Structures are given as C-alpha cells and as structure tokens.
Amino acid sequence: MKSIVPVALGAHSYDIHVGAGVLAEAPTLLATLSRGPLRVVTDAHVAKLHSDAIAALDAAPIVLEPGEGAKSFAGLENLIRALLRRDIGRDGLIVAFGGGVIGDLTGLAAGMLKRGVAFVQVPTTLLAQVDSSIGGKTAINVPEGKNLVGLFHQPQLVIADTTLLTTLPQRELLAGYAEVVKYGALGDLEFFAWLEAHGAEALAGDDAALSHAVAQSCRMKAAIVSRDPLETGERALLNLGHTFGHALEAAVGFSGRLLHGEGVAIGMALAFALSVRLGLCPRADEERLVAHLKAVGLPSAIGDIAGWRPDAMTLLAHMRHDKKARAGRIAFVLVRGLGQAFVANDVEEDKVLEVLA
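Just so we're aligned: the sequence shown equals residues 1 to 357 in my numbering.
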C-alpha cells in the first residue's frame with residue numbers, strides 16, 4: 001500500500017512517498033529533480049545491505065563510517081571535501097541513503113556546499129522514515145550537546161520504502177518505534193490507541209500495519225512542519241521526550257549504551273512523570289504510556305540504561321543547552337494527557353531534579 005504525503009511549504013514543498021517497494025520508482029523520480037550529477041552518500045553498513053539499490057542510483061557512492069561519531073565537524077569537513085572531489089555543483093543532486101546520521105550530516109553538507117545544493121532523503125531506519133528525514137532539520141553534534149550546530153535545508157523528496165526496514169536489528173527498529181509512539185502521545189489519542197492494538201504487528205513486519213504507522217507519523221509531522229517550518233512555535237511539540245532524551249544521550253557520550261529512540265522513550269516517560277508531578281496530567285495516562293513502552297520492549301526509566309547511573313545535576317546541565325531554551329529557561333514539552341502536548345517555559349528546576357532523581 002503506497003501513500004504520498006505532501007509537505008506544504010510553498011516554493012519548498014515536496015512529497016514523502018511511503019510504502020513497500022517505493023524505492024523502485026527512485027530513478028524516475030530523481031531524474032525530474034536534477035540537471036547535474038547525482039551523488040549518493042551512505043555508510044558502510046547500509047552500502048553492504050542495499051548495494052544493488054544504491055548502485056542503481058550511483059555506481060560510485062560516497063561511503064562513510066557508520067555511527068553517531070560521523071556527526072562531527074571533522075565528519076562534515078570530510079563529506080564536503082568528498083563531494084567537491086566528485087564535482088558536485090549547484091545544479092546537482094545529493095541523495096542521503098541511510099539512517100538519521102547520514103540524513104542529518106548529508107543535509108547539512110548539502111545546505112552549506114556552494115550555498116545550497118538540492119538533496120533527497122532515502123531513509124533506511126524507522127526513526128529516519130518517521131522523523132529525521134522530514135522537515136529539513138540538519139545538524140552535527142558537539143561535546144556540549146546533540147544537534148547544536150546545523151541549519152534548515154528542506155529535501156526535494158523523501159522516499160520511505162518500508163521494505164528497507166526488514167534489515168534492521170530489532171533494537172534499532174524498536175528505537176525508531178519510540179518516535180512513532182511520540183506522535184500519538186503528543187497529538188493523536190486515536191493513533192495511540194491504534195498503536196496499542198496494532199503496534200506489535202507493525203514491529204513484527206506486517207506490511208499493512210507498518211506502512212500505516214509510517215504514513216500516519218509522516219502525515220502528523222508534515223502537517224506541523226507545514227505550519228511551523230522553522231520551529232518558532234508549534235513544531236517544538238515534536239520534541240516530546242527529547243529534552244530529557246538528548247541529555248541522557250549526552251551524558252553517556254552519544255554511545256551505543258543508549259540509542260536515540262531509547263532516549264526518547266525514557267524522555268517521554270519522564271515528561272509524563274513531570275506533568276503528573278506538576279498536577280497537569282492524570283497519572284492513568286502516564287501509566288498507559290509506560291505500559292505500552294514496556295509491552296513492546298522499549299525502556300521507560302533511567303534505571304533501564306544498563307550499567308549506568310546518572311547524576312541529576314549533570315543531566316540538568318545538559319538540558320540547559322537544549323535548543324528550545326530561552327533566556328536561560330529550559331523549555332519542556334509537557335502533557336495534559338495522552339494526545340495533549342504543550343510547551344512550558346516556567347518549570348521550576350527543583351521539580352525536574354525530583355523527577356530525575
């Protein structure tokens with residue numbers, strides 16, 4: 001089942017093609033977007049898994065080392081110089097073929113190179129298909145925090161082929177599913193209820209369930225991005241769980257100890273817990289969220305991070321670097337219940353420390 005989800009951004013509008021097998025249409029779709037050379041950027045892991053699909057687009061792709069470590073100033077410089085050696089011009093097209101790391105890094109390189117080269121996202125992870133490939137947010141990490149150096153550069157097209165997800169390790173698939181849960185938790189109680197009933201089917205590889213979960217997530221993100229392309233207001237809701245989650249990722253050194261989606265899952269549980277502590281959200285809704293996270297096998301508490309115990313003040317320090325912070329105040333995405341998220345800028349830090357402890 002194929003879906004085409006439009007992202008309405010005026011002159012920067014584009015479509016997200018979702019479904020099993022949509023990658024077969026890529027050569028035709030891409031041929032309409034570029035007059036110059038096409039260059040594929042991927043990583044060694046993805047290149048091995050999807051060599052035929054990549055070769056159909058670019059016989060000599062730029063292959064990077066896999067992992068979050070590539071999202072650095074050094075990694076950005078290496079990629080830009082590799083693209084320059086491949087004679088990419090402003091009339092060319094760069095294809096980010098991989099997960100969120102490849103998409104974020106390639107999008108940033110494309111946005112900076114020669115003051116802007118067009119690019120396309122072909123996300124190969126669930127997390128990238130439902131979140132990072134949509135909306136034009138590109139970035140690298142620095143020791144002070146995750147995604148703190150970047151820019152907005154919208155893709156020309158997103159091709160989200162759900163068959164690419166069959167090669168994912170279960171842990172990575174689950175990590176991506178946390179972002180799917182996020183959409184229901186922040187603004188669509190009906191979708192959250194559908195996930196409670198059918199999320200396990202999607203995770204087990206059911207084509208119809210997985211395509212629906214991805215397409216509905218894309219619709220929700222596309223609608224919010226269309227209304228707030230530069231994250232000046234409503235789009236901040238998409239960071240439900242991320243203020244806590246990014247702090248946890250930074251505290252463990254962006255290591256394999258905690259995947260991004262796992263941090264988001266724990267972060268959502270903490271955001272609901274904080275909302276309950278502030279008297280904003282019924283405890284039953286927090287319990288329902290945590291129950292679903294546990295039911296599918298996602299972590300839901302800081303204690304679920306194996307072999308590591310955090311210092312609450314260290315986590316709080318990382319949270320102060322969050323991109324949503326204004327005038328020294330940390331902005332939190334809180335909830336009045338499942339499907340009812342909002343942004344709060346007046347949360348007392350002692351309440352946050354109580355939750356972290």
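Idealized CB from N, CA, C, for every residue including glycine.
All figures in this text were calculated on a predicted structure; none of them were measured in a lab.
Provide the residue(s) that pair with residue i in DSSP beta bridges, ordered along the chain.
{"i": "residue 91", "result": "Paired residue(s): none; residue 91 is not in a bridge."}
{"i": "residue 119", "result": "94"}
{"i": "residue 161", "result": "19"}
{"i": "residue 299", "result": "Bridge partners of residue 299: none, in fact."}
Should residue i be listed as close to the ligand MG, given that the test is whether its C-beta is under 6 Å from any heavy atom?
{"i": "residue 85", "result": "The ligand content of the structure shown is nil, which means the ligand MG is not present either."}
What number of angstroms, rounded off, separates the C-alpha of residue i from the C-alpha of residue j?
{"i": "residue 306", "j": "residue 213", "result": "29 Å"}
{"i": "residue 247", "j": "residue 196", "result": "28 Å"}
{"i": "residue 332", "j": "residue 222", "result": "22 Å"}
{"i": "residue 138", "j": "residue 79", "result": "14 Å"}
{"i": "residue 187", "j": "residue 234", "result": "11 Å"}
{"i": "residue 133", "j": "residue 147", "result": "14 Å"}
{"i": "residue 11", "j": "residue 171", "result": "38 Å"}
{"i": "residue 101", "j": "residue 128", "result": "9 Å"}
{"i": "residue 335", "j": "residue 114", "result": "42 Å"}
{"i": "residue 225", "j": "residue 330", "result": "22 Å"}
{"i": "residue 112", "j": "residue 250", "result": "25 Å"}
{"i": "residue 191", "j": "residue 341", "result": "14 Å"}
{"i": "residue 87", "j": "residue 152", "result": "24 Å"}
{"i": "residue 103", "j": "residue 51", "result": "18 Å"}
{"i": "residue 182", "j": "residue 110", "result": "28 Å"}
Check for me: the alpha helix (DSSP H) holding residue i runs from which residue to which?
{"i": "residue 146", "result": "Segment 145-152 is the beta strand (DSSP E) holding residue 146; no alpha helix (DSSP H) there."}
{"i": "residue 52", "result": "51-55"}
{"i": "residue 226", "result": "207-227"}
Could you give the DSSP three-state label for residue i: helix, strand or coil?
{"i": "residue 345", "result": "coil"}
{"i": "residue 81", "result": "helix"}
{"i": "residue 283", "result": "helix"}
{"i": "residue 175", "result": "helix"}
{"i": "residue 274", "result": "helix"}
{"i": "residue 43", "result": "strand"}
{"i": "residue 266", "result": "helix"}
{"i": "residue 191", "result": "helix"}
{"i": "residue 232", "result": "coil"}
{"i": "residue 254", "result": "coil"}
{"i": "residue 138", "result": "strand"}
Could you tell me the boundaries of the beta strand (DSSP E) in which residue i lies?
{"i": "residue 32", "result": "Segment: none, residue 32 is in no beta strand (DSSP E) and carries neither H nor E."}
message = With three or more beta-carbon pairs closer than 8 Å as the criterion, would you say the stretch 272-281 touches the stretch 304-320?
response = Fewer than three Cβ pairs drawn from the stretch 272-281 and the stretch 304-320 lie within less than 8 Å of each other, which leaves the two stretches out of contact.
message = Closer than 8 Å is the cut-off here; do at least three beta carbon pairs connect the stretch 95-104 with the stretch 51-70?
response = yes
query = On the three-pair Cβ rule with 8 Å, is the stretch 36-44 touching the stretch 7-21?
reply = Touching, no, given that fewer than three Cβ pairs across the two stretches are closer than 8 Å.
key: the stretch 335-348 contacting the stretch 281-297, beta-carbon criterion three pairs below 8 Å   = yes
request  = Decide if the stretch 176-194 is in contact with the stretch 142-160; the criterion is three or more beta carbon pairs, one per stretch, under 8 Å apart.
outcome  = no
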